[in-house]
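First the structure, in the form of structure tokens, and then the observations on it.
Number of protein chains: 2
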Amino acid sequence: MVDAPRGHPAPQTRRRSAVPLDLAADVVALTEALVDMPSESGAEGPLADAVEEALRALPGLEVERVGNSVVARTDLGRPERVVLAGHLDTVPAADNLPARRDGERLYGLGACDMKGGVAVALKLAAAAAEARGSLTRDVTFAFYECEEIAGDRNGLAVIAAHRPQLLDGDLALLLEPSGGGVEAGCQGFLLADIVVPGRRAHTARAWMGSNAAHLAGEVLTRLHAHVPERITIDGLEYREGLNAVAVRAGVSSNVVPDECVVTVNLRFAPSRSPEEAEAYVRGLFPEYEVRVTEVEPGALPGLDRAMTAGLVKALGVEPRPKLGWTDVARFASLGVPGLNCGPGDPQLAHTPGEFVSMAELRECEERLRGWLLSQESAA
Amino acid sequence: MVDAPRGHPAPQTRRRSAVPLDLAADVVALTEALVDMPSESGAEGPLADAVEEALRALPGLEVERVGNSVVARTDLGRPERVVLAGHLDTVPAADNLPARRDGERLYGLGACDMKGGVAVALKLAAAAAEARGSLTRDVTFAFYECEEIAGDRNGLAVIAAHRPQLLDGDLALLLEPSGGGVEAGCQGFLLADIVVPGRRAHTARAWMGSNAAHLAGEVLTRLHAHVPERITIDGLEYREGLNAVAVRAGVSSNVVPDECVVTVNLRFAPSRSPEEAEAYVRGLFPEYEVRVTEVEPGALPGLDRAMTAGLVKALGVEPRPKLGWTDVARFASLGVPGLNCGPGDPQLAHTPGEFVSMAELRECEERLRGWLLSQESAA
Chain A
100 MVDAPRGHPA PQTRRRSAVP LDLAADVVAL TEALVDMPSE SGAEGPLADA VEEALRALPG
160 LEVERVGNSV VARTDLGRPE RVVLAGHLDT VPAADNLPAR RDGERLYGLG ACDMKGGVAV
220 ALKLAAAAAE ARGSLTRDVT FAFYECEEIA GDRNGLAVIA AHRPQLLDGD LALLLEPSGG
280 GVEAGCQGFL LADIVVPGRR AHTARAWMGS NAAHLAGEVL TRLHAHVPER ITIDGLEYRE
340 GLNAVAVRAG VSSNVVPDEC VVTVNLRFAP SRSPEEAEAY VRGLFPEYEV RVTEVEPGAL
400 PGLDRAMTAG LVKALGVEPR PKLGWTDVAR FASLGVPGLN CGPGDPQLAH TPGEFVSMAE
460 LRECEERLRG WLLSQESAA
Chain B
100 MVDAPRGHPA PQTRRRSAVP LDLAADVVAL TEALVDMPSE SGAEGPLADA VEEALRALPG
160 LEVERVGNSV VARTDLGRPE RVVLAGHLDT VPAADNLPAR RDGERLYGLG ACDMKGGVAV
220 ALKLAAAAAE ARGSLTRDVT FAFYECEEIA GDRNGLAVIA AHRPQLLDGD LALLLEPSGG
280 GVEAGCQGFL LADIVVPGRR AHTARAWMGS NAAHLAGEVL TRLHAHVPER ITIDGLEYRE
340 GLNAVAVRAG VSSNVVPDEC VVTVNLRFAP SRSPEEAEAY VRGLFPEYEV RVTEVEPGAL
400 PGLDRAMTAG LVKALGVEPR PKLGWTDVAR FASLGVPGLN CGPGDPQLAH TPGEFVSMAE
460 LRECEERLRG WLLSQESAA
């Protein structure tokens, strides 16, 4: 039964005609089916319906729906709980639908980021439900909406705000693309508008005004020359980045523009606080108005924690730093340490040609299944 | 009766409920009434209705409607014809409606550009109709739509394309704001997109891509450093201008943009041809793709022509160069030499605080009326 959290819009009536997902299919076929159910941010409804129906059909899982996010949990009374999570949405299509198999690769929107990871998690949910009697830890599976867009619509943030107990756990594993390896922590994310003022005038008498777009050349040139820092934490190097992601100026084709806004995106090492990140950007542009519109803290890798170290050891891979922002930061803010481990090359995320290796999908499923079902309790 | 030219959309059915314009009112009150009939480009219908009705009420004028443009002509069989013209549209409102009187100034959208000039022309139409028996030249009055936007919707261009005989004449006088003085010829107008390419990537791994916005800093910096030329023709100095009027880049807040487009507007002296103007811009940005989207030739001042010199002499003022592009260039391309002479400070055009001096309105009407009614034929 769906429970509408207070302050959150009531979930849509579920469509009972959802396209069925076959969790018994192999993980490649399941990924392909997920890619072929388009779910750009804000339009995850049909996919959430299908995921919810598939999870409700499994034994031993309590399933809850919040908006277009779905959470399924065992309730075995085990002393520890692991949370596996993945987002259902994708960036906009770029002429990369439907899914297409080419040799050992599966191409298509979201194949890498992150329908491959969602497919692995769904396969693990089926396996955990089947073997629930022998699990040494309780398991939570969270599939959520709106990860690729503004933070306040993020399904995990909505659940954290209204039903945080659904995300309780001792370790969170996000199945974001990490090439099947383990990526620890995540960098912080900041968006800011750098506002360059001018003075409006008719372009036939431009000397009466001051062209804000021309003046913004200095901001862009400074960004071009900027060398991002590389910061090492727990032996991992976090490579920062500062990029203009939008430039907007223009009143009319015969008017000298009186404002040019350069929107910058800073990716910052998790050792910086949001306040420090903000001060860093302001320090680079001291003579301009800087309007911070969004800032999300990073998450420290936390490789010194027993639970985290235990998972890394069980997977037998060398951890790398996570450069993108992921929702491990949301778990970190709930006190749940987190790692990223999922199929797909993270450098392919958001590219029109994204794909996932079929072998990697199968290997990722296999290794995580082995860890999940034969796990040794660290309690 | 309205005649729909071939290839031009049929005019709208005229609303017979047009707000009446009182051409017997003084020119200030008439300007105020025109300002209070909003007519942003593309929405001139109600104002065109009112102008058409007022002109049809005058004796001795043949009135034709083309779209939302209105042409009224005497047909006295005189050996020469003078065309007085003005556009009905304005740039978008900027919190400057309704009209407001403050001392000797009338403020409001279009007060300067160019409802003051339209009011003067309407007063002159009434005077010419009244005194038609003593006119030594035939007179045409043209009030037209869409001057402030893309050239292909310009009412004068539409008439020139489909009913050029309506614009026949030996001298055209545009009542564009010129401070009551005479502005000769006009500069040319060019719009071009300078395209800066990049390579898309996730901002968390920006080094995989190439930020087109950062690279556009060079284009904007070059524009900032550019010193426009000043070119003297017939003793008049035409001051050129090259301005970015729009900058557009941005895919998403986490994507390195793969394209940044800088739209520039060149105002060029009438001694340059459109082809030369285009080559000039390309020469400034040789390493970029330059897409010219619009180019309009200027009009030479032509002060050596007898008709033009005669009008300047009759008005008794020193001619100045016209820096903005005006539709004298369209008349020039029809073989009709033209001058700009109208009330309003051209430097106030397109500014939120535009106004027109009441004294200048009255003086402009008076001087042009004197010239029009007592003109000596140069034939």
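Listed in order, the protein sequences are those of chains A and B. Numbered per the working numbering, the first sequence finishes at 478, counting up by one with no gaps. Numbered per the working numbering, the second sequence finishes at 478, counting up by one with no gaps. Don't be surprised by glycine CBs; every beta carbon is placed ideally from N, CA and C.
Fewer than three pairs of CB atoms, one per stretch, sit closer than 8 Å, so the region 381-395 of chain B makes no contact with the region 410-418 of chain B.
Exclusion of the five residues before and after arginine 204 of chain A leaves Phe454, Val455, Ser456 and Met457 as the residues of its chain whose Cβ lies within less than 8 Å of its Cβ. For the pair leucine 399 of chain A and proline 445 of chain A, the CB atoms are not nearer than the 7 Å cut-off. Of the residues assessed, aspartate 403 of chain A falls on the exposed side of the cut-off, its CB having fewer than 16 other CB atoms within 10 angstroms. Under the 7 Å criterion on CB atoms, methionine 307 of chain A is classed as interfacial with respect to chain B. The continuous beta strand (DSSP E) containing proline 296 of chain A extends over residues 287-296.
With fewer than 16 other Cβ atoms from the protein chains shown falling within 10 Å of its own Cβ, valine 326 of chain B counts as exposed. At a cut-off of 7 Å between C-beta atoms, threonine 331 of chain A does not count as an interface residue with respect to chain B. Boundaries for valine 363 of chain A: no alpha helix (DSSP H) harbours it, while the beta strand (DSSP E) harbouring it runs 358-367, taken from the DSSP string. According to the DSSP assignment, arginine 155 of chain A belongs to the alpha helix (DSSP H) that extends over 144-155. Residue-level contact by beta carbon fails for valine 389 of chain B and chain A, as no gap is shorter than 7 Å. Valine 281 of chain A and valine 411 of chain A do touch by the CB rule: their CB atoms are close to 6 Å apart, below 8 Å.
A residue is called buried when at least 16 other Cβ atoms come within 10 angstroms of its Cβ; glutamate 151 of chain B meets this threshold and is buried.
By the C-beta density criterion, serine 473 of chain B is exposed, having fewer than 16 other C-beta atoms within 10 angstroms.
Taking C-beta atoms under 8 Å as the contact rule, leucine 460 of chain A and glycine 185 of chain A fail to qualify, at a distance of about 13 Å. For isoleucine 258 of chain A, the enclosing alpha helix (DSSP H) has its first and last residue at 254-261.
Neighbours of threonine 320 of chain A in chain B, taken as residues whose beta carbon is under 9 Å from its own, are His313, Gly316, Glu317, Leu319 and Thr320 in chain order. Contact of alanine 398 of chain A with chain B is not assigned, every C-beta pair being separated by 7 Å or more. With contacts defined by Cβ atoms closer than 7 Å, serine 352 of chain B and leucine 289 of chain A do not form a contacting pair. Under a criterion of Cβ atoms nearer than 8 Å, the residues of chain A adjacent to glycine 340 of chain B are, in order, Thr302, Ala303, Arg304, Ala305 and Trp306. Non-local C-beta neighbours of alanine 413 of chain A in its own chain, meaning closer than 6 Å and more than five positions away in sequence, comprise Trp470, ordered along the chain. Interface with chain A (7 Å Cβ-Cβ cutoff): glycine 254 of chain B is excluded. At a cut-off of 7 Å between C-beta atoms, valine 165 of chain A does not count as an interface residue with respect to chain B. Leucine 290 of chain B reaches chain A at Ser352, counting residues in chain order whose Cβ is nearer than 8 Å. Assigned with DSSP and collapsed to three states, leucine 438 of chain B falls in strand.
For serine 168 of chain A, no alpha helix (DSSP H) encloses it; the enclosing beta strand (DSSP E) starts and ends at 168-172.
Closer than 7 Å to the CB of asparagine 195 of chain A there is not a single CB belonging to chain B. Between the alpha carbons of glycine 250 of chain B and glycine 176 of chain B lies a distance of about 33 Å. Inter-residue distance for valine 435 of chain A and serine 233 of chain A is about 24 Å (C-alpha atoms, whole angstroms). Closer than 7 Å to the CB of asparagine 310 of chain A there is at least one CB belonging to chain B. At a C-beta separation below 7 Å, histidine 186 of chain B has no neighbours in chain A, since its nearest C-beta there lies roughly 13 Å away. As computed with DSSP, threonine 331 of chain B is found in a beta bridge with B:Glu336.
Within the same chain, Gly297, Arg299, Asn310, Ala311, Ala312, Ala348, Gly349 and Val350 come within 8 Å of proline 356 of chain B by CB-CB distance, once the 5 residues on both sides are set aside. In the DSSP annotation of this structure, the continuous segment of the beta strand (DSSP E) that includes valine 162 of chain A starts and ends at 161-165.
At a cut-off of 7 Å between beta-carbon atoms, arginine 429 of chain A makes no contact with chain B. Using beta-carbon distances, glutamine 264 of chain A does not count as an interface residue toward chain B, since no partner is under 7 Å.
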